[in-house]
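Trainee: I am attaching a structure below and will ask some questions about it afterwards.
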Amino acid sequence: MNGITEYVKLSRSFYVRSNVVEIAEELIGKYVFTNIDGRVTGGRIVECEAYNGRIDRASHAFGRRTPRTEVMYGKGGFSYVYLCYGIHNMLNVVTNEAEVADAVLIRSIVPVEGIETMIERRGGDKKYKLTAGPGSVGKALGLNTSHSGIDLTGDRIWIANGRRNHVQIERDRRVGVDYAEEDALLPWRFFEKDNPWVSVGKQKAII
DNA sequence: TCTAAGATGGGT
DNA sequence: CCCATCTTAGAA
């Protein structure tokens, strides 16, 4: 795509696995792309969070099944995009078998493809804040709730392989889920160590 | 029907 | 610290 790296799209089998925390860890270093309105944008995932619909009070699917969360109850390998605070469109990757509502929130990427388009969508060059934080990622990638339920093995939203071996991955509690009480303490947020594109968390490291 | 609250980000 | 902005979920 950029002439340097050969991207290999992840297949269904990557997503249809039972350990969402493990999948989240593995997503660090992979590349997410969108092709919206004929414009391809994307970047390397450097921060994400796992949400387990069965045991995790922070999950939108915990203890309920509604029209919004229905896509999370489908099989893995589809997008779950929801509107947060009436403003921000957040991209999640649905995982696991059907009827198990697991998902991974993509929180930050390093811009790689379609950078000018992302700058335009964000209303200017925000430097490291261009694609840091889930709301920024959704906006830069051109996503809204109409993009929920898209097959990630297709050509509108997809994730491709690629991790640099020397990257050190850290884990910490998730951001903004205090309402989940003790589940807010779960170390299910993964990010690249010392990467400036990672969004500034609200908590200090606990590990 | 009504309403509180939200997996945030940007500005003061 | 404050506020935008609006869908969703759950209550009434």
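Read left to right, the first sequence gives residues 195 to 401 (the working numbering). Here a beta-carbon is modelled for each residue, glycine too, at the ideal position from N, C-alpha and C. For clarity, every value in this text was computed on a predicted model and none was experimentally measured.
(1) Alpha carbon to alpha carbon, how far is A354 from I347? Give it in angstroms, no decimals.
(2) For A255, collect the residues of the same chain with a Cβ closer than 6 angstroms to its Cβ; drop the 5 residues on either side in sequence, then sort them by chain order.
(3) Please list the segments of the alpha helix (DSSP H) lying wholly inside the segment 200-275, counting only runs of 4 or more residues, in order along the chain.
(4) Could you compute how far the alpha carbon of I401 sits from the alpha carbon of A297?
(5) CB-CB under 6 angstroms to N389, same chain, minus the five flanking residues each way: which ones, in chain order?
(6) Give the straight-line distance between the Cα atoms of R238 and V369, rounded to the nearest whole angstrom.
(7) At what residues does the alpha helix (DSSP H) containing S330 begin and finish?
(8) Roughly how many angstroms separate the alpha carbons of Q397 and T228, rounded to a whole number?
(9) Anyone know if the C-beta pair for L299 and G332 falls short of 7 angstroms?
Mentor: Let me lay it out:
(1) Position 153 of the first sequence, counted from the first residue, corresponds to residue 347. Position 160 of the first sequence, counted from the first residue, corresponds to residue 354. Correcting the residue type first, residue 347 is Thr in the shown sequence and not Ile. T347 and A354: Cα-Cα distance of roughly 10 angstroms.
(2) As a first step, residue 255 must be located in the first sequence, where it is residue number 61. The residues are G247, T263, M266 and A295.
(3) 206-209 and 214-221
(4) Stepping through the first sequence from its first residue, residue 401 is reached at position 207. Stepping through the first sequence from its first residue, residue 297 is reached at position 103. In this prediction, I401 has a pLDDT of 40, which is less than 50 and means its spatial position is unreliable; what the coordinates show is noted afterwards. Between I401 and A297, the C-alpha separation is close to 23 angstroms.
(5) Walking along the first sequence from the start, residue 389 turns up at place 195. Within the same chain, N389 has close Cβ partners V240.
(6) Numbered from its first residue, the first sequence carries residue 238 at position 44. Numbered from its first residue, the first sequence carries residue 369 at position 175. Near 20 angstroms, if we compare the C-alpha coordinates of V369 and R238.
(7) As a first step, residue 330 must be located in the first sequence, where it is residue number 136. It spans P328 to A334 - the alpha helix (DSSP H) in which S330 sits, taken as one unbroken run.
(8) Mapped onto the first sequence, residue 397 falls at position 203. Mapped onto the first sequence, residue 228 falls at position 34. Any answer about Q397 is weak, because its pLDDT of 45 lies below 50 and its placement is not dependable; what the coordinates show is given next. One C-alpha to the other measures close to 30 angstroms.
(9) Here residue 299 refers to the residue found at position 105 of the first sequence. Here residue 332 refers to the residue found at position 138 of the first sequence. Not in contact: L299 and G332 (Cβ atoms no closer than 7 angstroms).
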